[in-house]
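In our numbering, the protein residues as written are 855 to 1122.
We put the beta carbon where it would ideally sit given N, CA and C, even for glycine.
Computed from a predicted structure; not experimentally measured.
This report concerns only the one structure given below.
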Amino acid sequence: MPNENNDLKPVKSDDGNIDNIIVNVKNLNFYYGNYHLLKSINLYFKKNSVCTLLGPSGCGKSTFLRTLNRMNDYTEGAKLTGEVLIDGKNIYDKSVDVVELRRNIGMVFQNPNPFPKSIFENVAFGLKIHGIKNKDFIVERVEKCLKYAGLYDEVKDKLNKSALSLSGGQQQRLCIARAIATNPSILLMDEPTAYLDPVSTSIILDLINSFKKYYTIIVVSHNVQQSGRISDYSGFFLDGELIEFDESGNFFTRPKDKRTENFITSRY
Ligand SMILES: Nc1ncnc2c1ncn2[C@@H]1O[C@H](COP(=O)(O)OP(=O)(O)OP(=O)(O)O)[C@@H](O)[C@H]1O
Ligand SMILES: [Mg+2]
């Protein structure tokens, strides 16, 4: 739940994990029917870091991202083995409350996808789903999230207007405001700037950079240059395998695997 004092900073999770790891993926395999897509993925994400996941189209980046908040649960014929530990607990355990899991893990998609509701209601949506009824709290929080997403000044006089009347770049910032409203500790972003103009892209990249004070951010991207600019860690997927995962400084300047090097030098 959001903090009682309506602070955007998430309640610190238990630091019982070694090395500040928040997400630990262990021997993850994923199948669409007989198609074995993700193969023995092992990696971890540290708290308050930005990680970008790169790789050519169809290599499984989006599927992988969706395994981190159980979004593939609804896909017919999908099967997963292995573990995704978040704060040390396997999110695929039967006891896990998926609604609470998704509150803790916000998601932003490639296509800005605001609900066909007002700007205000888009951001308030998650709070209401989670049973928050205090109107003052909701108003204050919507305002904070819009400010935090760098959108407030542009929309403060039209909060009751349809979200669909906003530009693409504004809609994407609204989706970010919506994603942080429930106080997640992790943000998943699947090519969040893919359809945006350079100015909107730059705004979102700056936001990502400033957000890591509060969240762990995992971003799928096609764009090597952008990834180098924003990420602390980077991973390279190819044909459903994680080829390389490292601190971005090493990843972009001294990749260990030739295939990573080929990708970052645009040979795919
Ligand atoms: N629901 C599904 N059922 C069957 N196969 C699927 C499904 N969704 C994705 N796939 C297949 O899984 C593979 C990986 O898809 P995914 O969307 O994860 O790739 P991606 O790396 O995100 O690609 P892109 O960069 O184009 O977004 C593709 O071959 C795709 O056709
Ligand atoms: Mg994708």
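### Message
With three or more C-beta pairs closer than 8 Å as the rule, is the region 940 to 956 touching the region 1107 to 1114?
### Response
no
#### Entry: Buried versus exposed call for Glu994 [16 or more other C-beta atoms within 10 Å across all chains shown]
As a first step, residue 994 must be located in the sequence shown, where it is residue number 140. Exposed, because fewer than 16 other Cβ atoms sit within 10 Å of the Cβ of Glu994.
### Task
Keeping to the same chain, check which residues put their C-beta closer than 8 Å to that of Leu1096; ignore five residues upstream and five downstream.
Mapped onto the sequence shown, residue 1096 falls at position 242. Closer than 8 Å at the Cβ level, and outside the excluded window around Leu1096, lie Ile895, Asn896, Leu897, Gly1089 and Phe1090.
### Query
With respect to 7 Å, is the separation between the Cβ of Ser1075 and the closest non-hydrogen atom of ligand 2 below this value?
Reading the sequence shown from its first residue, position 221 is the one you call residue 1075. Every heavy atom of ligand 2 is 7 Å or more from the Cβ of Ser1075, so no.
### Message
Checking 8 Å against the spacing of the C-beta atoms, do Thr929 and Asn883 come in under that value?
### Response
Looking up residue 929 in the sequence shown gives position 75. Looking up residue 883 in the sequence shown gives position 29. No, they are not a contact pair.
### Query
Residues in its own chain within less than 7 Å of Lys1015 by CB, not counting five upstream and five downstream?
Locating residue 1015 in the sequence shown gives position 161, where the first residue counts as 1. Result list for Lys1015: Ser972 and Ile973, in chain order.
### Task
Would you list the one or two residues that DSSP bridges to Glu975?
Position 121 of the sequence shown, counted from the start, is the residue given in the question as residue 975. Beta-bridge pairing links Glu975 to no other residue.
### Closest residue to Gly1004 among Lys893, Ala978 and Arg1032 (Cα-Cα distance)
Within the sequence shown, numbered from 1, the residue matching residue 1004 stands at position 150. Checked all of Lys893, Ala978 and Arg1032; the closest Cα to Gly1004 is Arg1032.
### Message
For Ser1085, count the other beta carbons within 10 Å of its own beta carbon; 16 or more makes it buried, fewer makes it exposed. Which is it?
### Response
The residue labelled residue 1085 in the question sits at position 231 within the sequence shown. Per the 10 Å Cβ criterion, buried.
#### Entry: Presumed contact (8 Å Cβ cut-off) between Val1074 and Asp1044, rounded CB distance
For the purposes of this step, residue 1074 is taken as the residue at position 220 of the sequence shown. For the purposes of this step, residue 1044 is taken as the residue at position 190 of the sequence shown. Confirmed, Cβ separation roughly 5 Å.
### Query
What is the DSSP secondary structure of Val953, counted as helix, strand or coil?
To locate residue 953, count along the sequence shown from 1; it is residue 99. Note: Val953 maps to helix in three-state DSSP.
### Message
For a quick check, are the C-beta atoms of Glu937 and Lys880 less than 8 Å apart?
### Response
By 1-based counting over the sequence shown, the position of residue 937 is 83. By 1-based counting over the sequence shown, the position of residue 880 is 26. Yes. Within cutoff.
### Query
Quick one: Cα of Lys866 to Cα of Ser1039, how far?
The residue labelled residue 866 in the question sits at position 12 within the sequence shown. The residue labelled residue 1039 in the question sits at position 185 within the sequence shown. In this predicted model, Lys866 has a pLDDT of only 38, less than 50, meaning its place in the structure is not dependable enough to derive any value.
### Task
Under 8 Å by Cβ, that's how I've got Gln1024 and Glu1008 pegged, so tell me the actual separation to the nearest angstrom.
Working through the sequence shown from its first residue, we reach residue 1024 at position 170. Working through the sequence shown from its first residue, we reach residue 1008 at position 154. That belief holds up - the Cβ atoms of Gln1024 and Glu1008 are roughly 6 Å apart, short of 8 Å.
### Message
Nearer than 7 Å: is that true of the beta carbon of Asp1044 relative to any heavy atom of ligand 2?
### Response
The residue given as residue 1044 occupies position 190 in the sequence shown. Yes, ligand 2 has a heavy atom inside 7 Å of this Cβ.
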